[in-house]
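First to last, the sequence lines map onto chains E and U.
When we follow this note's numbering, the leftmost residue of the first sequence carries the number 30, and every step to the right adds one.
When we follow this note's numbering, the leftmost residue of the second sequence carries the number 78, and every step to the right adds one.
A quick write-up on the structure given underneath.
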Amino acid sequence: MPEITYLEAIRTALWEEMKRDERVFIIGEDIGRYGGAFGVTHGMLDEFGDKRIIETPISEPSIIGAAVGAALLGMRPIAEIMFMDFTLLTFDQLGNQAAKMHYMFGGKATVPMVVRMPSGSGTGAAAQHSQSLETLLMHMPGLKVVTPSTPYDAKGLLLTAIRDPNPVCFIEHKVLYKSKGEVPEGEYTIPFGVADVKREGKDLTIVTNGIMVQKSLAVAERLSGEGIEVEVVDPRTMVPLDKETIIESVKKTGKLLVVHEACETAGWAGEIMAVVSSSRAFDYLDAPMRRLTGKNVPIPYNRVLERAAVPQEEDIEREIRAILKGEY
Amino acid sequence: MEKEQKEELFQNRVERLNLSSDNLLEMYRTMCLIRQFELMADKLYALGKVHGTMHLSAGQEAVAVGLGRAVRLDDYLINHHRGHGHFITKNADINLMMAEFLGKEAGYCKGRGGSMHIADFSSHNLGANGIVGGGIPHSLGVGLGLQMQKSDQICISIFGDGASNEGVFHESLNMAALWKLPILYICENNKYGMSMDIERVSAKLPIAQRAEAYGIPWFYIDGNDLLTVYETARNAAEKIRSGAGPVFIETQTYRYFGHSKSDRNLYRTKEEIETWRNTKDPIKRFGSQLSESGLMTDTLAEEIDKEALSIIEAAVAFADASPDPDPSTVTEYVYA
């Protein structure tokens, strides 16, 4: 299977779907000649023209609003919000409009749209260009929330997102753009609500998403040399959430660590713990459930501080060892 | 002499616009139907039958009907929260509207939306909106979609004076002009955004001249004169349909009832309301034009009003007979 980057996987999905379905178009800032702030749509203007690669003024609320209107008309808009942080500008359109329409119109309206949004820290972009805000989106019924961690997942999930009849927030971790992985040529889709066990293990379950999947896997590989086998569960879609796979994994290992880059307070780690503690997996727990998350701070600029604000591999390793030794 | 001149003007106008007496009477009927719907809504609220809130458009009927009859029924409508009248001009089923208003399963949105969220996709009514200005950017997407589909339909984007100070108003006007989108913007200026007089919160009026900044042709018109609204909107729709890009019309009008059910009218005088009711009422004005030109007798006017009331009463009976939604269905329709 050919290896391509996470970024190329996303572009390939966009490209193939625009070829397949003429209702699909992309709308956003600097997505044409510039190719998108991260280069995801590079080359697409030449291929598809400016009627389907629609470059906008810097007007994020109306970018999302336009996507909502086009979706109501039966088109398949994909909006690019340059940084996930800027979705905060669009919350009326995402939260009050896109998320609510199917329900408040009694099931008559469908809003088939995708909002792509690069998230996460690690690029020195500081407080307003580095956030992981998926919890905010998860809290609005009507939105689906997708957080791919590999090139394979990115392509398969994006194709599903574009074909889904609901508004889908597709959260791309910007540090993953250059990561490589095997991606088959041609079409395949990954269903929403199906977690992927990225690594099997018997000693402890990590539930994590986005870039933290990669970090957790690296730690798990190292610990394997010591005979510690960590299971890494990637929900892939936060909404809908595959609770069963998480519950089954915790039943097997008896220990749970939730890792996310998003800050701690009211973060989704709490949701996972609530799911587990109110399920049949509770009786299988051998240790308190723990979470390792971003600190409750804006992401700082300085490299040392930026690293300190979100979980690193050494933090994940320390937490795993602490849980296994009962030091909490 | 003066009266004769007026009659002549009205007649000339009717001829120029090529409107038959049937057209004119239908428009009058529809205005009466809207008025009766709003009066009934107010009455039902007083009777304690309305669970939620409502925003009544009594006094603004000429905007709804003048606009509604100037465009095509297959044009798309993006409505605001005070939208009963616009919905009626889309030839909505009054029974389903009333059932939605009363939160019943038989309503347009199965009782999930209520007065603020009535939509009917089969009649190209993309829904009313509870967020001031929230629907304005949707018209961009509808406009883009219509362009891509090479359709000759247009999108009518309706909002109030209050929405003109929202950011999406400016963003959307800019993009619509930039891309020459087929959008007819209707700013229904009823003077107040909730309690706030538009003159107290807008640096420069009329609102419509803001369109000038984006190169959009604009009109500031008497929204209580049916044929003025009709003619301006018809010309605009024709221009938009030809591919010339958006047009902006601000209609000056007035609402008789308060903003919503909590409103005690503390911000305006009774005299102001009475002056509008007595001297500028759109139904009375059009009615007397029809009478003076011999197109409508007093008897016919009474019949029309009675007929409107009976349609509304039948709708209430229909809604009353419809069950509430089943509580076990509360989580349906979150996702398609």
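Think of the CB as a built atom: it goes at the ideal place given N, C-alpha and C, for glycine as much as any other residue.
What's the gap between the Cα of residue i and the Cα of residue j?
i	j	result
C109(U)	L179(U)	21 Å
H336(U)	K80(E)	41 Å
Y297(U)	P283(U)	7 Å
A421(U)	G237(U)	The requested residue 421(U) does not occur in the structure, where chain U is confined to residues 78 to 413.
M47(E)	A249(E)	38 Å
C198(E)	M169(E)	11 Å
E327(U)	S234(U)	12 Å
V284(E)	D312(E)	In the sequence as displayed, the identity of residue 284(E) is Lys instead of Val. Approximately 11 Å between the Cα atoms of the pair.
S245(E)	R62(E)	37 Å
G135(E)	V144(E)	23 Å
I110(E)	R228(E)	32 Å
L117(E)	I328(E)	16 Å
V53(E)	M302(E)	38 Å
A156(E)	P180(E)	27 Å
Y291(U)	I260(U)	14 Å
N342(U)	A135(U)	15 Å
A147(U)	V69(E)	45 Å
N242(U)	G371(U)	44 Å
Y153(U)	G204(U)	10 Å
S278(E)	P194(E)	31 Å
M78(U)	N301(U)	Residue placement at M78(U) cannot be trusted, given a pLDDT of 44 that sits under 50; what the coordinates show is reported in the next sentence. Roughly 24 Å between the two C-alpha positions.
Measuring only between beta-carbons, confirm whether residue i sits less than 8 Å from chain U.
i	result
K280(E)	no
V223(E)	no
M73(E)	no
E346(E)	no
P317(E)	no
P220(E)	no
M133(E)	yes
G136(E)	yes
P25(E)	With chain E represented from 30 up to 357, any question about residue 25(E) goes unanswered, as that position is not in the structure.
T70(E)	no
I83(E)	yes
N195(E)	yes
For the alpha helix (DSSP H) containing residue i, name the first residue and the last one.
i	result
K280(E)	272-282
R336(E)	332-338
M271(U)	From DSSP, M271(U) is part of no alpha helix (DSSP H); its letter is neither H nor E.
E265(U)	It is not in any alpha helix (DSSP H) - E265(U) instead sits in the beta strand (DSSP E) that spans 260-266.
F178(U)	171-178
F311(E)	It is not in any alpha helix (DSSP H) - F311(E) carries neither H nor E in the DSSP assignment.
G145(U)	138-147
S134(U)	No alpha helix (DSSP H) contains S134(U), which DSSP labels as neither H nor E.
F164(U)	161-166
F198(U)	Counting along the chain, F198(U) falls outside any alpha helix (DSSP H), and DSSP gives it neither H nor E.
Measuring only between beta-carbons, confirm whether residue i sits less than 8 Å from chain E.
i	result
G143(U)	no
M252(U)	yes
V411(U)	yes
G270(U)	no
I208(U)	yes
R90(U)	no
S405(U)	no
P214(U)	yes
V219(U)	yes
L203(U)	yes
Y185(U)	yes
E79(U)	Note that E79(U) has pLDDT 48, beneath the 50 cutoff, so the model's placement of it is unreliable and the number below is only indicative. So no, E79(U) is outside the interface.
G222(U)	yes
Hey, could you find the ends of the beta strand (DSSP E) residue i is sitting in?
i	result
V127(U)	Unbroken run through V127(U): none, as it is neither H nor E.
A291(E)	285-292
P196(E)	Here P196(E) belongs to no beta strand (DSSP E), and DSSP marks it neither H nor E.
T322(E)	319-323
I383(U)	Position check: residue 383(U) holds Lys in this sequence, whereas Ile was assumed. Looking at the DSSP string, K383(U) is not in any beta strand (DSSP E); the run it does join, the alpha helix (DSSP H), is 375-398.
Whose Cβ in chain C lies nearer than 8 Å to the Cβ of residue i?
i	result
T139(E)	Within the model displayed, chain C is absent; protein chains E and U are what it includes.
Minimum length 3: unbroken beta strand (DSSP E) runs contained in the region 296-333 of chain U: Annotation: the region 296-333 of chain U contains the following complete segments of the beta strand (DSSP E) (minimum length 3 residues), in chain order: 324-329.
In chain order, which alpha helix (DSSP H) runs of at least 4 residues are fully inside the region 33-120 of chain E? Within the region 33-120 of chain E, the complete alpha helix (DSSP H) runs of at least 4 residues are 35-49, 73-77, 89-101.
Any chance you could list the alpha helix (DSSP H) runs of at least 4 consecutive residues sitting entirely within the region 342-373 of chain U, in chain order? The qualifying runs are 347-356, 359-369.
Any C-beta of chain E within less than 8 Å: which residues of the region 188-200 of chain U qualify? Considering only beta carbons, the part of the region 188-200 of chain U lying closer than 8 Å to chain E consists of G188, R189, G190, H194, A196, D197, F198, in chain order.
Pull out every residue of the region 238-249 of chain U whose Cβ sits closer than 7 Å to any Cβ of chain E, in chain order. Of all residues in the region 238-249 of chain U, G244, V245, E248, S249 have a Cβ within less than 7 Å of some Cβ in chain E.
Which residues, in order along the region 167-184 of chain E, keep a beta-carbon less than 7 Å from a beta-carbon of chain U? Residues of the region 167-184 of chain E that bring their beta carbon within less than 7 Å of a beta carbon in chain U comprise P170, G171, in sequence order.
Name, going along the chain, the residues of the region 224-237 of chain U whose beta-carbon falls closer than 7 Å to a beta-carbon of chain E. Listed in sequence order: M225.
In chain order, what are the residue ranges of uninterrupted alpha helix (DSSP H) at least 4 long that sit wholly in the region 212-278 of chain E? DSSP runs (the alpha helix (DSSP H)) wholly in the region 212-278 of chain E: 240-253.
Could you run through the region 95-122 of chain E and flag, in chain order, every residue whose CB is less than 8 Å away from some CB of chain U? Within the region 95-122 of chain E, the qualifying residues are A95, A96, V97, G98, A99, A100, L101, L102, G103, M104, P106, D121, Q122.
Just list the alpha helix (DSSP H) runs in the region 134-192 of chain E, keeping only unbroken ones of 4 residues or longer that don't cross its boundaries, in chain order. If we require 4 residues or more, the alpha helix (DSSP H) runs fully inside the region 134-192 of chain E come out as 163-167, 180-192.
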